[in-house]
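Take any residue in the sequence shown, note its place counting from 1, add 7, and you have its number in the working numbering.
Every residue, glycine too, gets a C-beta built ideally from N, C-alpha and C.
What follows is a short report on a single structure.
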Amino acid sequence: MYKDTIAAISTAVSASGIGIIRLSGSQALEIADRIYRSKVNKKLQNVPTHTIHYGYIYDNDEVVDEVLVMVMREPRTFTGEDTVEIDCHGGIYAMKKVLDTVLRNGARIAEPGEFTKRAFLNGRLDLSQAEAVMDIIQSKNRYALRNSIQQLKGSVKIRIEEIRKIILHEIAYIESALDDPEHISLDGYGEHLRETVEEQQKGIQRLLSTVSNGKIIQEGIRTVILGKPNAGKSSLLNVLVGEDRAIVTEIAGTTRDVLEEYIHFGGAALKIVDTAGIRDTSDIVESIGVDKAKEQAERADFILYVVDGSVPLDENDYHIIDMIQDRQAVVLLNKMDLPAKVQAKQLEGLTGKTVISVSARNESGFDKLESCISSMFFQGKLDLPEDIYITNLRHQGLLEDALESLRQVEVSLDAGMPEDFYSIDLMNAYEALGSILGEAVDEDVIHEIFENFCVGK
Numbered sequence: 008m009y010k011d012t013i014a015a016i017s018t019a020v021s022a023s024g025i026g027i028i029r030l031s032g033s034q035a036l037e038i039a040d041r042i043y044r045s046k047v048n049k050k051l052q053n054v055p056t057h058t059i060h061y062g063y064i065y066d067n068d069e070v071v072d073e074v075l076v077m078v079m080r081e082p083r084t085f086t087g088e089d090t091v092e093i094d095c096h097g098g099i100y101a102m103k104k105v106l107d108t109v110l111r112n113g114a115r116i117a118e119p120g121e122f123t124k125r126a127f128l129n130g131r132l133d134l135s136q137a138e139a140v141m142d143i144i145q146s147k148n149r150y151a152l153r154n155s156i157q158q159l160k161g162s163v164k165i166r167i168e169e170i171r172k173i174i175l176h177e178i179a180y181i182e183s184a185l186d187d188p189e190h191i192s193l194d195g196y197g198e199h200l201r202e203t204v205e206e207q208q209k210g211i212q213r214l215l216s217t218v219s220n221g222k223i224i225q226e227g228i229r230t231v232i233l234g235k236p237n238a239g240k241s242s243l244l245n246v247l248v249g250e251d252r253a254i255v256t257e258i259a260g261t262t263r264d265v266l267e268e269y270i271h272f273g274g275a276a277l278k279i280v281d282t283a284g285i286r287d288t289s290d291i292v293e294s295i296g297v298d299k300a301k302e303q304a305e306r307a308d309f310i311l312y313v314v315d316g317s318v319p320l321d322e323n324d325y326h327i328i329d330m331i332q333d334r335q336a337v338v339l340l341n342k343m344d345l346p347a348k349v350q351a352k353q354l355e356g357l358t359g360k361t362v363i364s365v366s367a368r369n370e371s372g373f374d375k376l377e378s379c380i381s382s383m384f385f386q387g388k389l390d391l392p393e394d395i396y397i398t399n400l401r402h403q404g405l406l407e408d409a410l411e412s413l414r415q416v417e418v419s420l421d422a423g424m425p426e427d428f429y430s431i432d433l434m435n436a437y438e439a440l441g442s443i444l445g446e447a448v449d450e451d452v453i454h455e456i457f458e459n460f461c462v463g464k
């Protein structure tokens, strides 16, 4: 338990209806009593835990604000320490004035993520749950939010602990047999161990198989809009975003740089990237934009190829068709409000992709695009509440380390190595999985994780 008491504004520092200043530490109640006054001279140190009290915050004899104060005693708090939350008016000056008063009376300003860090160090959360707190704050869609909440509730912890428990049992058995060979036999143990290791590998591989979807959930689907000039790419972006973010004119080549927007589409997050129209050009600036468009296409999770259905296909279209052959892509046959010069079946045959007829001008056809994206990336599986998706790169690396250690056990079994070799690799796997939960994690790693949090959380 820390001796010092920390404080910070835990709501957004902006004009709002309410602001919260949070204190946590052994002197939280004592500090609050120095600045809080009620009409009945109530002392917060004497009130029951998890109660709310009305009064005023004073800076010496000056009234700072009218407040509600919530008192929560350890250990039943987020940090595991005595915690006080002061609910004041949400003006920027009012919140800072209350915080300044708190700091002058014995608290220090909290570092980024220090409340959650204390929750971890005090055993209220494991490291995977602490990281899930930040993921909840940064969630960009309902899938990401739900997955982060599941991890905060311990979904990753439970699965990892199940695997570690089985590995630990085998380590203990081997060590016991090596210490007491007269009473504990290792005859035939190799086959049993091989079956156990193979089963735990499958469990880890199932977690790792969710990484791709996990990345999409957490970061959004990186979606690049491609097409020749004046195909309607920028109009499409404006429809998807719901406002005029891109300049739309009848002049081909208006878009010359990359424009990025996050949108929510069918419950998923799409990081939409609008690019310059792809064509051969002698214009130096436009040529740079075309090169950037091709670079973005190489990095894309998903490509929306926009075709102007009111004019025949040309060499620029055929160039783009070649670019998307081996990529996740959907073809949008745009400008269906005009007489058609390109047919959907023609495009399907040329591209081998799903073709959806749309009109950016009339905003029609986009419901089909929504269902298509959902089926392509999620296969309808994200609605299962018990699913776990690995969204954290640190977790992915440690799972891969554990998997490799278990594979080394199989190598040792195949080579007929002594049993203590098995124990070494099993322990490596056990420790790698433990690092996901925060066991034996370097202080530098912990610092790096929590420094990415916002102040007050």
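| query | result |
| --- | --- |
| Where does V74 fall in DSSP's three states? | strand |
| Here's the rule I'm using: 16 or more other beta-carbon atoms within 10 Å means buried, otherwise exposed. How should N245 be labelled? | buried |
| Would a C-beta distance cut-off of 8 angstroms place L311 and T203 closer than the cut-off? | no |
| Does the pairing of the region 43 to 56 with the region 123 to 130 give three or more beta-carbon distances under 8 angstroms? | no |
| In three-state DSSP terms, what is I143? | helix |
| Can we say the region 413 to 420 touches the region 429 to 442, given the rule of at least three CB pairs closer than 8 angstroms? | yes |
| Please classify S216: does DSSP put it in a helix, a strand, or coil? | coil |
| Where do the N-terminal and C-terminal ends of the beta strand (DSSP E) with L193 fall, by residue? | Careful: L193 lies outside any beta strand (DSSP E) and carries neither H nor E. |
| Answer yes if the region 179 to 192 comes into contact with the region 143 to 156, meaning at least three C-beta pairs across the two stretches below 8 angstroms, and no otherwise. | no |
| Touching or not, the region 139 to 149 and the region 91 to 111, by the rule of three or more beta carbon pairs under 8 angstroms? | no |
| According to DSSP, which residues form a beta bridge with E1? | Since the displayed the chain opens at 8 and closes at 464, residue 1 lies outside it and no answer follows. |
| For N341, which three-state DSSP category applies? | strand |
| Considering only their Cβ atoms, is the gap separating V76 from A14 smaller than 8 angstroms? | no |
| Measuring only the C-alpha atoms, how far is E257 from G404? | Residue placement at E257 is poorly supported in this model, since its pLDDT is 42, which falls under 50; the coordinates still yield a value, given next. About 49 angstroms. |
| What does V314 pair with, by DSSP beta-bridge criteria? | L340 |
| What number of angstroms, rounded off, separates the C-alpha of T84 from the C-alpha of G161? | 17 angstroms |
| Using CA atoms only, rank isn't needed, just tell me which of I25, S21, L30, A22 is closest to T12. | L30 |
| Rank E450, V452, L444, V448 by C-alpha distance to the C-alpha of L159 and give the top, closest one. | L444 |
| Using a Cβ-Cβ cutoff of less than 6 angstroms, which residues in the same chain neighbour S442 once the five nearest sequence positions on both sides are dropped? | L405, V448 |
| The beta strand (DSSP E) spanning D133 covers which residue range? | Where D133 is concerned, there is no enclosing beta strand (DSSP E), given that its DSSP letter is neither H nor E. |
| For the alpha helix (DSSP H) holding E417, just list the boundary residues, first then last. | 400 to 422 |
| Are there 16 or more other CB atoms within 10 angstroms of the CB of D451, so buried, or fewer, so exposed? | exposed |
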